[in-house]
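Colleague:
Residue numbers (the working numbering): 113 to 628.
What follows is the structure, encoded as structure tokens:
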């Protein structure tokens with residue numbers, strides 16, 4: 113019953129090929145427009161697992177009280193001195209704080225107004241004692257610089273240092289580090305180079321460490337999960353703010369971005385950069401495999417049209433069902449091309465084998481449907497069932513992939529027995545030549561079994577490159593059971609009937625009988 117239904121469908125599609133091709137192309141165009149207008153992607157990995165699970169509900173409640181660190185951007189700011197890095201950080205935070213549409217919160221790690229007021233409370237006791245002692249000793253110097261923060265104040269402060277050394281409060285060697293810092297800064301300024309002087313380094317009596325010259329700003333951006341890179345708008349805003357403030361020139365600072373959001377965006381960016389190249393390579397590989405298997409312009413064109421129309425239909429149905437594709441379900445397109453083209457190859461290879469034996473286009477297509485209808489249906493049903501078995505899982509990303517891929521296998525099967533049958537027959541009717549064969553596929557070849565074996569061999573090799581699914585329709589014709597099963601049907605055909613008559617006459621030693 114199933115086989116007869118497929119034969120009836122192929123018979124109808126062959127008789128009304130132009131009508132079927134027109135309907136299929138129109139349907140493909142409509143679904144492609146729908147898919148293009150409604151295409152959406154949800155890059156939120158937190159939605160890949162259902163939120164109805166008990167542990168997911170507890171996780172959501174926890175995140176409401178404690179914002180997750182996974183949705184943050186960490187800005188790393190470096191400058192020559194601790195004072196410059198503090199100024200650059202403050203300027204950047206003030207610039208970003210006004211952009212409420214891009215950022216939810218901005219916090220300097222280990223800094224800000226709180227630590228400016230209470231920072232000494234977090235230091236060890238001995239370090240606090242030593243620091244306050246140095247500040248007390250430098251009180252005259254600090255007062256002078258606070259009242260007169262220019263060259264005159266600096267020279268006055270240095271003069272106080274020399275007076276202290278003359279009064280034997282300390283030696284000139286104790287002032288060597290400070291005097292060298294001042295000398296280096298003045299020489300750099302006179303030479304037109306970037307000059308910086310760190311009062312903190314002067315008080316500490318040593319150059320600043322990398323940690324003292326670095327600040328971290330924790331930023332929680334507003335993420336756009338409808339885009340492939342959810343944090344791109346926020347990261348671009350941070351870089352633009354740094355450029356507008358001219359941090360590199362004013363403070364000699366650099367801004368680098370890291371953290372979960374920035375790293376994820378960089379990973380997605382590499383996917384986007386290679387998307388066009390990968391797509392082009394995939395198309396070339398598929399066309400090459402089709403060429404190796406089919407060697408016919410018309411049939412290759414029919415399979416390509418079938419794949420395009422089927423992919424458009426599957427994408428439109430998928431978007432209508434799930435709304436937005438996630439980072440896993442978007443792979444359905446690759447699965448559709450890789451497995452869907454196999455149905456077309458199997459149908460086309462069997463058709464070519466039949467066409468070499470039968471000098472009638474319609475009869476060859478009907479015989480193809482009769483031989484490959486059941487195996488193709490079984491393969492499509494088994495593949496679709498395998499994908500649809502993902503539906504019950506709570507892993508939403510995988511379940512949606514199973515739904516789209518399963519529906520895609522059904523669509524690929526339907527387009528193979530309808531559109532390929534109509535398009536292949538129509539193309540051959542227009543006289544398209546075989547690639548590399550040197551003759552039209554119309555007439556029967558002198559050695560049908562040889563051509564059938566060669567065509568079937570190419571089809572099996574190409575199908576093995578695309579999918580592990582193997583069909584009986586592509587098995588070689590030299591198997592004895594297959595030969596015995598095909599001979600009675602072949603004897604009814606005019607060409608084979610003549611061959612059998614010739615063989616019978618040759619055995620009897622008589623004259624060849626007239627062709628019937």
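Think of the CB as a built atom: it goes at the ideal place given N, C-alpha and C, for glycine as much as any other residue.
Report yes if the C-beta distance between residue 346 and residue 185 is below 8 Å; otherwise report no.
Modeller: For the purposes of this step, residue 346 is taken as residue 234 along the chain shown, with counting starting at 1. For the purposes of this step, residue 185 is taken as residue 73 along the chain shown, with counting starting at 1. Contact flag set, yes.
Colleague: At a cut-off of 7 Å, would you count residue 482 as near the ligand NAD, judging by its Cβ distance to the nearest heavy atom?
Modeller: The ligand NAD is not part of this structure, which contains no ligands at all.
Colleague: Which residue marks the beginning of the beta strand (DSSP E) containing residue 333, and which one marks its end?
Modeller: The residue labelled residue 333 in the question sits at position 221 within the chain shown. It spans 326–333 - the beta strand (DSSP E) in which residue 333 sits, taken as one unbroken run.
Colleague: Any chance the region 116–136 sits against the region 477–496, with 3 or more Cβ pairs inside 8 Å?
Modeller: Short answer: they touch.
Colleague: In the structure shown, what three-state DSSP assignment does residue 512 receive?
Modeller: Translated into the one-based positions of the chain shown, residue 512 becomes position 400. In the structure shown, residue 512 sits in a helix (DSSP, three-state: H, G or I).
Colleague: Mind checking which residues open and close the alpha helix (DSSP H) that includes residue 274?
Modeller: Taking the first residue of the chain shown as 1, we reach residue 274 at position 162. Run containing residue 274: 263–278, per the alpha helix (DSSP H) assignment.
Colleague: Please return the same chain residues whose Cβ sits closer than 7 Å to the Cβ of residue 353, not counting the five positions on each side in sequence.
Modeller: What you label residue 353 is simply residue 241 of the chain shown in a count that begins at 1. So the qualifying residues of the chain are 204, 207, 208.
Colleague: Could you have a look at residue 579 and say whether DSSP puts it in helix, strand or coil?
Modeller: On the chain shown, residue 579 is found 467 positions in, with the first residue counted as 1. No answer about residue 579 holds up, because its pLDDT of 43 lies below 50 and its placement is not dependable.
Colleague: Can you check DSSP and say which residues form a bridge with residue 131?
Modeller: Indexing the chain shown from 1 puts residue 131 at position 19. In DSSP, residue 131 forms no bridge with anything.
Colleague: Determine which residues share a DSSP beta bridge with residue 368 and list them.
Modeller: In the chain shown, the residue the question calls residue 368 occupies position 256. BP columns for residue 368 point to 188.
Colleague: If you draw a straight line from the alpha carbon of residue 190 to that of residue 218, how long is it in whole angstroms?
Modeller: Indexing the chain shown from 1 puts residue 190 at position 78. Indexing the chain shown from 1 puts residue 218 at position 106. Cα to Cα, the separation comes out at about 18 Å.
Colleague: In chain order, what residues of the same chain have a beta carbon less than 8 Å from the beta carbon of residue 573, not counting five sequence neighbours either side?
Modeller: As a working mapping, residue 573 is identified with position 461 in the chain shown. Here the model assigns residue 573 a pLDDT of 45, short of 50, so the residue's position is not dependable, and the following value carries that caveat. 404, 405, listed in sequence order.
Colleague: Who are the near neighbours of residue 374 in its chain, counting only those whose CB is closer than 7 Å to its CB and skipping five residues on each side?
Modeller: Taking the first residue of the chain shown as 1, we reach residue 374 at position 262. For residue 374, where only same-chain residues beyond five positions count, the Cβ hits under 7 Å are 185, 343, 347.
Colleague: Enumerate, from N- to C-terminal direction, the unbroken alpha helix (DSSP H) stretches of 4 or more residues contained entirely within the region 383–407.
Modeller: You should have 387–406.
Colleague: Contact between the region 486–504 and the region 407–418: three or more CB pairs below 8 Å?
Modeller: The answer is no - the region 407–418 does not touch the region 486–504, with fewer than three Cβ pairs under 8 Å.
Colleague: Can you tell me whether residue 308 is helix, strand or coil according to DSSP?
Modeller: Counting from 1 along the chain shown, the entry for residue 308 is found at position 196. If DSSP states are grouped into helix, strand and coil, residue 308 belongs with coil.
Colleague: On a Cα-Cα basis, can you pick out the residue from 222, 148, 169, 409 that is closest to residue 428?
Modeller: The count along the chain shown starts at 1 and reaches residue 428 at position 316. Here the closest residue by C-alpha is 148.
Colleague: Taking the alpha carbon of residue 188 as the point to measure from, which residue in 176, 520, 331 has its own alpha carbon closest?
Modeller: Your numbering for residue 188 matches position 76 in the chain shown. Residue 331 is the option with its Cα nearest to residue 188.
Colleague: What are the boundary residues of the alpha helix (DSSP H) that residue 168 is part of?
Modeller: Along the chain shown, one-based indexing puts residue 168 at 56. Segment 166–177, the alpha helix (DSSP H) holding residue 168.
Colleague: Would you identify the three-state DSSP class for residue 444, choosing helix, strand or coil?
Modeller: On the chain shown, position 332 is the one that residue 444 refers to. Here residue 444 sits in helix by DSSP.
Colleague: From the DSSP output, in three-state form, read off residue 154 for me.
Modeller: In the chain shown, residue 154 corresponds to position 42, counting from 1. Of the three classes helix, strand and coil, the one that applies to residue 154 here is strand, per DSSP.
Colleague: Check residue 632 in the structure and name its three-state DSSP category.
Modeller: Outside the displayed span of the chain (113 to 628) sits residue 632, for which this structure offers no information.
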